[in-house]
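Be aware that the sequence shown starts at 1, since it is given in this note's numbering, and climbs by one per residue.
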Amino acid sequence: MRYIKQFDGIRFIAIALVLLQHFAYSIGNRLSAGYFGVELFFALSGFLITRIIYDSRGSIGSIYKKFIGRRALRIFPIYYLVIGILYFTGDPTANKYIVPLTTYTFNYTIAAYNLHGIPFIHVWSLCVEEQFYIIWPFIILLLRNRFKWLLAALVSIILLGWLQMVFLVFPMSEGYTYLGLFPRAYALALGGLAALLCEKNPVPNRWLQLKWLEPVSIIVLALSLTIPHRSMYVIAPCIATFWLVKIYYQSIQFTSIDRFLQLRWVMYLGRISYGIYLYHIPVSVYFTKYIFNPYIWSKINFKALGPLAGLQHQVWVVKIVLYTALAIGVAHLSFKFIEQPLLKMKDKWF
């Protein structure tokens, strides 16, 4: 599949929303920012890997081996690096939950024990994606020559996921609804469905050129994310996928949005968004515990700051800038010295 620059811009928006949720929770939570950020990542992953797998040629075994090998080379190194560092330095979370962490099943551990405020809480989405990557290629490859059956399978996964997220039709799975592969695969499958439809039945250009679709989609998305209602689990991934299709066909009507998605710094931050996502929680937890609270925040005489004294109770204003910069810095170094050298081996090894 051809490289599409704006998809890196979408990754930037996704990671920016996640950072807003985690570092400015009082604001991000009102916007469901983190939720939509993850939905963007999921929908984009489903779109890209479905096209890659569907367009691959060869036996099921060879395609699967190549796909899993390339995914592992992209995802595993820094994931296990972070876990390994914290495990061998005595982090209690890493030591207690090392098995689910190393087997990408930690999302179920979080749900089972209702865990909060730990350095690995965010890896639940990485676990969902990895579980999806293991199963998804078989669905695509086994049904590749039966396109209608393949579409039916994807639609079924999406509808079942939505029914569970909105109506909790399977009460026995309620505790795992938000964090489990089922039903969270709906956004990944929706991206995959869009990819297949773009492959087989190109969207008519007259539909893509309707100028009212883009502003309406933004308004509907904003309403669904700010007004608490479970319907956002249907609306948000549909709108995320809508924008992916618009980008794929290079038919964005808002030229300012298109230009923004192609800004060099936006694209670069999107390119290293996996590292930013992986590092941002451990960086914030340990920097807060060992540096920020004891040596910075507690040493400030807020009474002497006059009008800025209110910052004492608005620490997020400082944290969102400081911790975002730290996460980006660590992710940049990781990308330059660890990820990029390994990514160059993709074509050689797989």
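All C-beta atoms, glycine included, are put in the ideal place defined by N, C-alpha and C.
Item to complete: If I'm right that residue 339 touches residue 187 with Cβ under 8 Å, what's the distance once you round it to whole angstroms?
Response: The residue labelled residue 339 in the question sits at position 339 within the sequence shown. The residue labelled residue 187 in the question sits at position 187 within the sequence shown. At roughly 25 Å, the Cβ-Cβ gap does not stay under 8 Å, so residue 339 and residue 187 are not in contact.
Worksheet item: Hey, would you say residue 233 sits closer than 7 Å to residue 284, going by beta carbons?
Response: Residue 233 sits at position 233 when you count from the first residue of the sequence shown. Residue 284 sits at position 284 when you count from the first residue of the sequence shown. No, the Cβ-Cβ distance between residue 233 and residue 284 is not below 7 Å.
Worksheet item: In the structure shown, what three-state DSSP assignment does residue 97 receive?
Response: Numbered from 1 along the sequence shown, position 97 holds the residue referred to as residue 97. Here residue 97 sits in coil by DSSP.
Worksheet item: Terminal residues of the continuous alpha helix (DSSP H) containing residue 340?
Response: Mapped onto the sequence shown, residue 340 falls at position 340. Where residue 340 is concerned, the enclosing alpha helix (DSSP H) stretches over 340 to 343.
Discussion item. On a Cα-Cα basis, can you pick out the residue from 152, 148, 147 and 185 that is closest to residue 164?
Written reply: Mapped onto the sequence shown, residue 164 falls at position 164. The residue with the shortest Cα to Cα distance from residue 164 is 185.
Discussion item. Tell me which residues share the same chain as residue 132 and place their Cβ nearer than 7 Å to its Cβ, disregarding the 5 neighbours each side in the sequence.
Written reply: In the sequence shown, the residue the question calls residue 132 occupies position 132. Cβ within range, chain order: 181, 185 and 188.
Worksheet item: Which of helix, strand or coil does DSSP assign to residue 253?
Response: On the sequence shown, position 253 is the one that residue 253 refers to. It is coil, neither helix nor strand.
Discussion item. I'd like to know if the region 332 to 349 and the region 290 to 301 are in contact, where contact means that at least 3 CB-CB pairs between them fall below 8 Å.
Written reply: no
Worksheet entry | Residue range of the alpha helix (DSSP H) that includes residue 164 | The residue labelled residue 164 in the question sits at position 164 within the sequence shown. 147 to 167 is the span of the alpha helix (DSSP H), which, as asked, contains residue 164.
Discussion item. Quick check: what's the CA-CA separation for residue 159 versus residue 190?
Written reply: As a first step, residue 159 is located in the sequence shown; it is residue number 159 there, counting from the start. As a first step, residue 190 is located in the sequence shown; it is residue number 190 there, counting from the start. About 10 Å.
Worksheet item: Of the choices 54, 2, 23 and 244, whose alpha-carbon is the least far from that of residue 147?
Response: Locating residue 147 in the sequence shown gives position 147, where the first residue counts as 1. For residue 147, the nearest C-alpha among the options comes from 54.
Fill in: Three-state secondary structure (DSSP) of residue 114
Here residue 114 is taken as the residue at index 114 of the sequence shown, counted from 1. Three-state result, residue 114: coil.
Worksheet item: How about residue 177 and residue 43: do their beta carbons lie closer than 7 Å?
Response: Here residue 177 refers to the residue found at position 177 when the sequence shown is read from its first residue. Here residue 43 refers to the residue found at position 43 when the sequence shown is read from its first residue. Cβ atoms of residue 177 and residue 43: not closer than 7 Å.
Worksheet item: Which term fits residue 6, buried or exposed, when burial requires 16 or more other beta carbons within 10 angstroms of its beta carbon?
Response: As a first step, residue 6 is located in the sequence shown; it is residue number 6 there, counting from the start. Buried.
Worksheet entry | Start-to-end residues for the alpha helix (DSSP H) that takes in residue 290 | Residue 290 sits at position 290 when you count from the first residue of the sequence shown. It is not in any alpha helix (DSSP H) - residue 290 carries neither H nor E in the DSSP assignment.
Item to complete: Report the residue from 328, 308 and 32 whose alpha carbon sits nearest the alpha carbon of residue 221.
Response: In the sequence shown, the residue the question calls residue 221 occupies position 221. Cα-wise, what sits closest to residue 221 is 32.
Fill in: Alpha-carbon spacing of residue 216 relative to residue 281, whole angstroms
Position 216 of the sequence shown holds residue 216. Position 281 of the sequence shown holds residue 281. Whole-angstrom Cα-Cα distance: 34 Å.
Worksheet item: What is the C-beta distance between residue 41 and residue 14, in whole angstroms, given that I count them as a contact (C-beta under 8 Å)?
Response: Counted from its first residue, the sequence shown places residue 41 at position 41. Counted from its first residue, the sequence shown places residue 14 at position 14. The pair is a contact, with the Cβ atoms about 5 Å apart (cut-off 8 Å).
Worksheet entry | residue 251 beta carbon less than 7 Å from that of residue 208 | Taking the sequence shown and counting its residues from 1, one reaches residue 208 at position 208. Taking the sequence shown and counting its residues from 1, one reaches residue 251 at position 251. Yes, the pair counts as a contact, with Cβ atoms nearer than the cut-off.
Fill in: Cβ-based burial, residue 174 [other Cβ within 10 Å; buried from 16]
Position 174 of the sequence shown, counting from 1, holds the residue named residue 174. Per the 10 Å Cβ criterion, exposed.
Item to complete: For residue 118, I'd like the list of residues in its chain whose CB is within less than 7 Å of its CB, leaving aside the five on either flank, ordered along the chain.
Response: Locating residue 118 in the sequence shown gives position 118, where the first residue counts as 1. 93.
Worksheet item: Counting pairs of Cβ atoms below 8 Å between the region 254 to 266 and the region 91 to 109, do you hit three or more?
Response: no
Item to complete: Measure the beta-carbon distance from residue 400 to residue 57 and round it to whole angstroms, keeping in mind my assumption that it falls under 8 Å.
Response: An answer regarding residue 400 cannot be provided, because it is not within the stretch 1 to 350 covered by the chain.
Fill in: Rounded C-alpha distance that separates residue 87 from residue 319
Looking up residue 87 in the sequence shown gives position 87. Looking up residue 319 in the sequence shown gives position 319. Approximately 26 Å between the Cα atoms of the pair.
Practice prompt. Indicate the three-state DSSP secondary structure (helix, strand or coil) for residue 211 in the structure shown.
Written response: For the purposes of this step, residue 211 is identified with residue 211 of the sequence shown, where counting begins at 1. Of the three classes helix, strand and coil, the one that applies to residue 211 here is coil, per DSSP.
Item to complete: Quick one: give me the first and last residue of the alpha helix (DSSP H) that residue 317 is part of.
Response: The residue labelled residue 317 in the question sits at position 317 within the sequence shown. First-last of the alpha helix (DSSP H) with residue 317: 316 to 334.
Practice prompt. Could you pull the start and end residues of the alpha helix (DSSP H) that residue 56 belongs to?
Written response: Against the sequence shown, residue 56 aligns to sequence position 56. Careful: residue 56 lies outside any alpha helix (DSSP H) and carries neither H nor E.
Item to complete: Taking only the alpha-carbon atoms, compute the straight-line gap between residue 329 and residue 170 and give it to the nearest angstrom.
Response: The sequence position of residue 329 within the sequence shown is 329, counting from 1. The sequence position of residue 170 within the sequence shown is 170, counting from 1. Answer to the nearest angstrom: the Cα atoms are 43 Å apart.
Worksheet item: Which one of 183, 81 and 124 has the shortest CA to CA distance from residue 167?
Response: As a position in the sequence shown, residue 167 is number 167, starting the count at 1. The shortest C-alpha separation from residue 167 is found at 183.
Worksheet item: Span of the alpha helix (DSSP H) holding residue 11?
Response: One-based indexing of the sequence shown puts residue 11 at position 11. 5 to 23 is the span of the alpha helix (DSSP H), which, as asked, contains residue 11.
Worksheet item: What is the rounded straight-line gap between the Cα of residue 114 and the Cα of residue 313?
Response: The sequence position of residue 114 within the sequence shown is 114, counting from 1. The sequence position of residue 313 within the sequence shown is 313, counting from 1. Taking the straight line from one Cα to the other gives about 28 Å.
Worksheet entry | Same chain, Cβ closer than 7 Å to residue 245, five either side skipped, listed in chain order | Your numbering for residue 245 matches position 245 in the sequence shown. 194, 198 and 203.
Discussion item. Quick check on the DSSP output: the alpha helix (DSSP H) that includes residue 347 runs from which residue to which?
Written reply: For this step, residue 347 is matched to residue 347 along the sequence shown. Taken as a continuous stretch (DSSP letters only), the alpha helix (DSSP H) holding residue 347 covers 346 to 349.
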